[in-house]
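Chains as they are written, first to last, in the working numbering: chain L, 1181 to 1295; chain F, 39 to 153. Notes to accompany the following structure.
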């Protein structure tokens, strides 16, 4: 699986936008970019995914660089409930065999939200 | 819709003892995953089932860990004998299918402490 690099931690204030970066310079053309987050004492939960175009859903937006070597998860108005570890993961659509469907988690970014 | 259920939520055992974890996935989800999450790290896939067949168990320590998914629904993960380094949170996840875009839904996890 292609490797991603994320900052260890970030801080934000409540109700302000948060931009969480992810570098994936070795991304292949068949890698989808997925984001999951893990709230304290809970299992991870899906946030968003994309391939080339920017994506929006009710939770967040995903901005993908034109060369696809980096992406940014955008939380438009952070709340205290958004404090979590955010994981940027590449999933290869062309992978077969044992790689199919596999999520490979890195260390993620610990997001702290201040009231 | 009910989420992924896991039990027990917490377990404390002594080394060399055995332990078993149970997972009930979301109804209709064909794919089931077991992850191990050591404190401060992202989850690591141990085993992936498609219905009741094993798709990927490449990172499962087979000398002590075993897992089964009877009738393609519930699953159990067993450790025998446990070692100190097995202390971790064991997460179960399920998805409709194993595709690269299928969202994985995680349970709350079982926190294992080996003394």
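Backbone N, C-alpha and C define an ideal beta-carbon position, used for all residues, glycine too.
Separation of residue j from residue i, as counted between CA atoms
i	j	result
residue 1285 of chain L	residue 80 of chain F	5 Å
residue 1253 of chain L	residue 72 of chain F	27 Å
residue 1268 of chain L	residue 1222 of chain L	18 Å
residue 1241 of chain L	residue 1198 of chain L	10 Å
residue 1322 of chain L	residue 1201 of chain L	Residue coverage of chain L in this structure runs from 1181 to 1295, which leaves residue 1322 of chain L outside it and unanswerable.
residue 1214 of chain L	residue 1230 of chain L	7 Å
residue 1244 of chain L	residue 1250 of chain L	6 Å
residue 76 of chain F	residue 122 of chain F	12 Å
residue 101 of chain F	residue 54 of chain F	13 Å
residue 1258 of chain L	residue 1238 of chain L	13 Å
residue 1191 of chain L	residue 91 of chain F	43 Å
residue 214 of chain F	residue 1292 of chain L	Because residue 214 of chain F is not part of the residues shown, which for chain F are 39 to 153, the question remains open.
residue 113 of chain F	residue 125 of chain F	20 Å
residue 137 of chain F	residue 1264 of chain L	26 Å
residue 118 of chain F	residue 104 of chain F	8 Å
residue 87 of chain F	residue 135 of chain F	10 Å
residue 1185 of chain L	residue 1206 of chain L	11 Å
residue 108 of chain F	residue 1247 of chain L	45 Å
residue 97 of chain F	residue 84 of chain F	5 Å
residue 48 of chain F	residue 1233 of chain L	42 Å
Residues that residue i bridges to, as DSSP identifies them
i	result
residue 120 of chain F	Beta-bridge pairing links residue 120 of chain F to no other residue.
residue 49 of chain F	F:150
residue 129 of chain F	F:73
residue 1227 of chain L	In the DSSP output, where bridge partners are listed per residue, residue 1227 of chain L has none listed.
residue 1255 of chain L	L:1198
residue 82 of chain F	F:74
residue 143 of chain F	F:132
residue 1221 of chain L	DSSP lists no partner for residue 1221 of chain L.
residue 88 of chain F	F:69 and F:91
Closer than 9 Å to chain F by CB, residue i
i	result
residue 1183 of chain L	no
residue 1224 of chain L	yes
residue 1293 of chain L	no
residue 1286 of chain L	yes
residue 1204 of chain L	no
residue 1283 of chain L	yes
residue 1208 of chain L	no
residue 1271 of chain L	yes
residue 1221 of chain L	yes
residue 1229 of chain L	yes
Beta-carbon proximity list for residue i, same chain, < 6 Å, skipping 5 on both sides
i	result
residue 1193 of chain L	1294
residue 153 of chain F	52
residue 1187 of chain L	1289
residue 1271 of chain L	1212 and 1214
residue 59 of chain F	115, 128 and 148
residue 1 of chain F	The displayed coordinates of chain F run from 39 to 153. Any statement about residue 1 of chain F would go beyond what the structure contains.
residue 1283 of chain L	1269
Cβ of residue i within 9 Å of any chain L Cβ
i	result
residue 124 of chain F	no
residue 98 of chain F	no
residue 59 of chain F	no
residue 66 of chain F	no
residue 115 of chain F	no
residue 150 of chain F	no
residue 142 of chain F	yes
8 Å Cβ shell around residue i - same chain, five flanking residues per side excluded
i	result
residue 64 of chain F	39, 40, 41, 42, 132 and 143
Sequence-distant residues of the same chain with beta carbon closer than 7 Å to residue i, five excluded per side
i	result
residue 1255 of chain L	1197, 1198, 1240 and 1262
residue 217 of chain F	A question about residue 217 of chain F goes unanswered here, because the residues of chain F that appear run from 39 up to 153.
Using a Cβ-Cβ cutoff of 9 Å, what residues of the segment 69-90 of chain F are near chain L? List them in chain order.
Within the segment 69-90 of chain F, those residues whose Cβ lies closer than 9 Å to any Cβ of chain L are, in chain order, 69, 71, 73, 75, 78, 79, 80, 81, 82, 83, 86 and 88.
Can you pull out the residues from the segment 1241-1267 of chain L whose beta carbon lies closer than 9 Å to at least one beta carbon of chain F?
Listed by position, the residues of the segment 1241-1267 of chain L near chain F (Cβ gap below 9 Å) are 1265 and 1267.
Contact residues within the segment 45-57 of chain F, judged by C-beta distance below 8 Å to chain L
Near chain L, meaning a CB-to-CB distance below 8 Å, no residue of the segment 45-57 of chain F qualifies.
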